[in-house]
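The numbering of the sequence shown is the UniProt record's numbering, which starts it at 1 and goes up by one. Notes follow once the structure below has been shown.
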Amino acid sequence: MHPSMLSRRSTIASYRSFIGSPLRGVQSVHPMTLRWINDVRRRAESLSTLGEAELRSAADALRHRMRSAGSGPHITSQLDHVIESFALTGEALRRATGMNYYDVQWMGGFVLAAGVVAEIQTGEGKTVTTALPSVLHAWGGRGVHIATTNEYLSRRDYETLLPVYQTLGLSVGHLESGASPEEKRMAYACDLTYGPGYEFGFDFLRDQLAIRADAHRPLGDRYLRQLQGIADGHQVCQRELSMAIVDEADSVLIDEATIPLVLGGGPRETPVSPSTYHRARDMAKSLREPEDFLLDASNRRVALTPGGRQRVSAQLPTSETSLLLTRPWTQMVENALAAEHLFSRDTEYVVSDGKLMIVDPHTGRIHPERTWSRGMHQAVEAKEQLDITAENETQGRVTRQRFMQCYDRVAGLTGTAAGSEGELREFYDLPVVRIPTHRPSAGRHLPTRAFASREEKFRAVIEDTVGRARAGQPVLIGTRTIAESRRLSERFSAQGITHAVLNGVQTEQEAKIVARAGIAATVTVATNMAGRGTDIRLDDAARRAGGLHVASTELQPSARVDRQLAGRSARQGDPGSYQRFVSAEDPLIQAHDADLAARILAAADPSGECRQRIADRLDALQQTIDSKLVEQRRQMVAHDDWLVSVQSALARRA
């Protein structure tokens, strides 16, 4: 479609069609959008003269027009409706918060309304931009779900925009952890519902299980319950899945989509004795590599050799023959081997108050409510000498890819969609559009520094940090794991250097720690969580000292995570800088590119630093890891498709 054909009677669907043309890669904003933005501004200026009651009346009139148009996806087809909705939202934002939308935020709103992923850089106002498509789709009355990576961020965004939505007469709810079914139903009944992405998925699974159970009731009873909105004695929580807007879309739709959402039930009918997990661990510790098992650290796999399998089978505890009905003894030993060699404390998990808690590998956050499946959680508990929790039956599972396909429309926003546009198209049919920044970036990316050992790397990080802090520059140090953040913190403490730590252990203090990270001479040590959803503002002294400096102490599996961390500095035209520090001993380099480790060691000078340029090699390493993860997700989706086809075939026979 030629741009001149996109007239005032054009549709947002046509806009998406243009974006989703055969072109691949990240697209630019359509030039017609600037004309639409001028229309929005003119309408918003006219709304600014209205009183509160008149503004609400204008909002109610638009709601009536859009609901009268029908409940299907075409409710947002008229561009006139979009312009009116955006103008109302802009005026509500001004009245409720004193803020005004920038042109680039209007651009983001149009892109999101079209149902695509908008790449919006850190600090450009993603939270308020989200309000534009949210309000637009909420007028239709079918509900809008705004999802992000965790409850902390969803509650922050909910509280920020609540006055805006209330000004327009829209109801808004938030999914609280531990909320009762009735409280969740009330949240879902609102025009807009905020919550963590995983919570929407788990509630979907719970509703599907209730509906499935209800299908076995007598026809008359089922009909009566459906009229009452009741399934299996409980009302379902969610309405139809109409529109989802996903913040930090690459994290929710890609990084976290490597593992399906699994809804656990009660304990197994035939529980395994806790002593069996300890016996499996003892057995695993007696095995030797490579005679008894093979370890593939790069792919996080461990497998018994034929000889090892024979040796393990010969040691099957005679009193535990019943466990063959739940899980083979050899698999329990392989789990114990994985716990010993692939799962590290303060990396994959933490132990607090005698309880094992999983660390999200993508955000660094701790999730007490999560458990590993198929006996893996119990194997790690045995390794740590903790009380063994009972394995739960799996009640339901769904991949994020399949769950998001249940929505009529999906949109997303993130600062780092580039590099993942192919996967977003393949699994979600989501094109990517890059939104320009409000001000030119003043950030500097400094050359990568490489060292022979981790100790020499840490020494260089500390020396560089101390020098910058003494000059008044704030420094944010990003680590890959909680363990590494603690090691660095110990070294700073030993030298008497005041610093803050943000590593997923103390989420209650997160806002305070982040708020101080941009103050002159402040040193903050953080895991990946600092790279998602947090806003670091500079004081004047910090700006004069060069702005926030971000140091990454270890290569991340995905280049997107590195870019998220780098994006904490130089926000909205502020000065800032970023630099990577790596060593030949870093786990990712050891596991995926032993030749690079050897090259760094060979080229290291007496101080332990390698002066050769290795940035291209590191980028290639990350691309290799990313490709493996994409293929892993592709295989998971294919397996899920197969499971669904089998279940459908069995259902037809029943």
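All residues carry an ideal CB built from backbone N, CA and C; glycine is no exception.
Based on the DSSP secondary-structure assignment, which residues constitute the bridge partners of E609?
Indexing the sequence shown from 1 puts residue 609 at position 609. Bridge partners of E609: F451.
Quick check: the Cα distance between D640 and T399, rounded to an integer number of angstroms?
Here residue 640 refers to the residue found at position 640 when the sequence shown is read from its first residue. Here residue 399 refers to the residue found at position 399 when the sequence shown is read from its first residue. Taking the straight line from one Cα to the other gives about 7 Å.
Separation of R633 from A257, as counted between CA atoms:
For the purposes of this step, residue 257 is taken as the residue at position 257 of the sequence shown. For the purposes of this step, residue 633 is taken as the residue at position 633 of the sequence shown. The alpha-carbon atoms of A257 and R633 are separated by roughly 7 Å.
Range covered by the alpha helix (DSSP H) that runs through H145:
The count along the sequence shown starts at 1 and reaches residue 145 at position 145. Counting along the chain, H145 falls outside any alpha helix (DSSP H), though it belongs to the beta strand (DSSP E) covering 144–148.
DSSP-derived helix/strand/coil call for N503
In the sequence shown, residue 503 corresponds to position 503, counting from 1. The answer is coil: DSSP assigns N503 none of H, G, I, E or B.
For T193, three-class secondary structure by DSSP
Counted from its first residue, the sequence shown places residue 193 at position 193. Strand at T193.
Beta-carbon gap between W372 and I388 smaller than 8 Å:
Numbered from 1 along the sequence shown, position 372 holds the residue referred to as residue 372. Numbered from 1 along the sequence shown, position 388 holds the residue referred to as residue 388. Contact flag unset, no.
So is W642 buried or exposed if we call it buried at 16+ other beta carbons inside 10 Å?
Sequence index remark: in the sequence shown, residue 642 carries index 642 (1-based). It is exposed - the Cβ of W642 has fewer than 16 other Cβ atoms within 10 Å.
CA-CA distance, V501 and G140?
To locate residue 501, count along the sequence shown from 1; it is residue 501. To locate residue 140, count along the sequence shown from 1; it is residue 140. Taking the straight line from one Cα to the other gives about 45 Å.
List the DSSP bridge partners of V312.
Against the sequence shown, residue 312 aligns to sequence position 312. BP columns for V312 are empty, so no partner.
Please state the DSSP three-state secondary structure of F18.
Here the question's residue 18 lines up with position 18 in the sequence shown. Only weak support is given to the placement of F18: the predicted model assigns it a pLDDT of 49, under 50, and the question is left unresolved by the model.
Report yes or no: do three or more beta-carbon pairs, one from the region 532–549 and one from the region 603–619, lie closer than 8 Å?
no
Beta carbon of V135 nearer than 8 Å to that of S85
Position 135 of the sequence shown, counting from 1, holds the residue named residue 135. Position 85 of the sequence shown, counting from 1, holds the residue named residue 85. Taking 8 Å as the cut-off, the beta carbon of V135 is found closer than this to the beta carbon of S85.
Looking at C-beta atoms only, is the number of pairs between the region 551–561 and the region 578–589 that lie closer than 8 Å three or more?
Yes, the region 551–561 is in contact with the region 578–589.
Cross-strand partners of R444 (DSSP beta bridge):
By 1-based counting over the sequence shown, the position of residue 444 is 444. Answer is S577.
On the DSSP letters alone, give me the boundaries of the beta strand (DSSP E) that D247 sits inside.
Residue numbering aside, residue 247 sits at position 247 when the sequence shown is read from its first letter. Its beta strand (DSSP E) spans residues 243–247.
Quick check on Q564: buried or exposed, where buried means 16 or more other Cβ atoms within 10 Å of its Cβ?
On the sequence shown, position 564 is the one that residue 564 refers to. The residue in question, Q564, is buried, as its Cβ has 16 or more Cβ neighbours within 10 Å.
To the nearest angstrom, report how far apart G109 and Y102 are at their CA atoms.
On the sequence shown, residue 109 is found 109 positions in, with the first residue counted as 1. On the sequence shown, residue 102 is found 102 positions in, with the first residue counted as 1. One alpha carbon belongs to G109, the other to Y102, and they sit about 11 Å apart.
Just grab the DSSP bridge partners of K285 for me.
Residue 285 sits at position 285 when you count from the first residue of the sequence shown. Paired residue(s): none; K285 is not in a bridge.
Of all the options V262, P306, Q331, which has the alpha carbon lying nearest to the alpha carbon of R279?
In the sequence shown, counting from the first residue as 1, residue 279 sits at position 279. Among V262, P306, Q331, the Cα nearest to that of R279 is on Q331.
For M636, which of helix, strand or coil comes out of DSSP?
For the purposes of this step, residue 636 is taken as residue 636 along the sequence shown, with counting starting at 1. Note: M636 maps to helix in three-state DSSP.
Can you check whether the CB of A44 is closer than 8 Å to the CB of G90?
Taking the sequence shown and counting its residues from 1, one reaches residue 90 at position 90. Taking the sequence shown and counting its residues from 1, one reaches residue 44 at position 44. Going by C-beta atoms, G90 is nearer than 8 Å to A44.
Rounded straight-line distance, which links the Cα of I435 to that of residue 656:
Outside the shown range of the chain, which is 1 to 654, sits residue 656, and nothing can be said about it.
Pairs of beta-carbons, one from the region 564–574 and one from the region 437–451, closer than 8 Å: are there three or more?
yes
For the region 334–414, list the beta strand (DSSP E) runs that are entirely contained and at least 3 residues long, ordered along the chain.
349–352, 355–359, 392–398, 409–414
Chain-order list of residues whose beta-carbon lies under 7 Å from that of Y198 (same chain, five-residue window excluded)
By one-based count along the sequence shown, residue 198 stands at place 198. L261, listed in sequence order.
What are the boundary residues of the beta strand (DSSP E) that includes T524?
Counted from its first residue, the sequence shown places residue 524 at position 524. Run containing T524: 523–526, per the beta strand (DSSP E) assignment.
Looking at C-alpha atoms only, which residue of H137, L47, V128 is the closest neighbour of R409?
Sequence index remark: in the sequence shown, residue 409 carries index 409 (1-based). Of the candidates H137, L47, V128, the one whose C-alpha sits nearest the C-alpha of R409 is H137.
Throw me the rounded Cβ distance for the A297 and A336 pair, which I believe falls under 8 Å.
Indexing the sequence shown from 1 puts residue 297 at position 297. Indexing the sequence shown from 1 puts residue 336 at position 336. Going by Cβ atoms, the distance from A297 to A336 rounds to 17 Å, so no, they are not a contact pair.
Are at least three pairs of beta-carbons, each pair with one atom in the region 184–200 and one in the region 146–165, less than 8 Å apart?
yes
Within 7 Å: the Cβ of A526 and any heavy atom of the ligand GDP?
For the ligand GDP, the structure offers nothing, since it holds no ligand at all.
Do you know offhand how far S558's Cα is from E369's?
Position 558 of the sequence shown holds residue 558. Position 369 of the sequence shown holds residue 369. Near 26 Å, if we compare the C-alpha coordinates of E369 and S558.
Note down the Cα distance separating G354 from L386, rounded to an integer number of angstroms.
By one-based count along the sequence shown, residue 354 stands at place 354. By one-based count along the sequence shown, residue 386 stands at place 386. So the two alpha carbons sit approximately 6 Å from each other.
Quick one: Cα of A591 to Cα of N299, how far?
Within the sequence shown, residue 591 is the residue found at index 591, counting from 1. Within the sequence shown, residue 299 is the residue found at index 299, counting from 1. Computed Cα separation, rounded: 9 Å.
From the DSSP output, read off the bridge partner residues of I477.
As a position in the sequence shown, residue 477 is number 477, starting the count at 1. Paired residue(s): V525, A551.
Would you say I614 and I625 are within 8 Å of each other, going by their C-beta atoms?
Numbered from its first residue, the sequence shown carries residue 614 at position 614. Numbered from its first residue, the sequence shown carries residue 625 at position 625. In this structure, I625 does not lie closer than 8 Å to I614 by Cβ.
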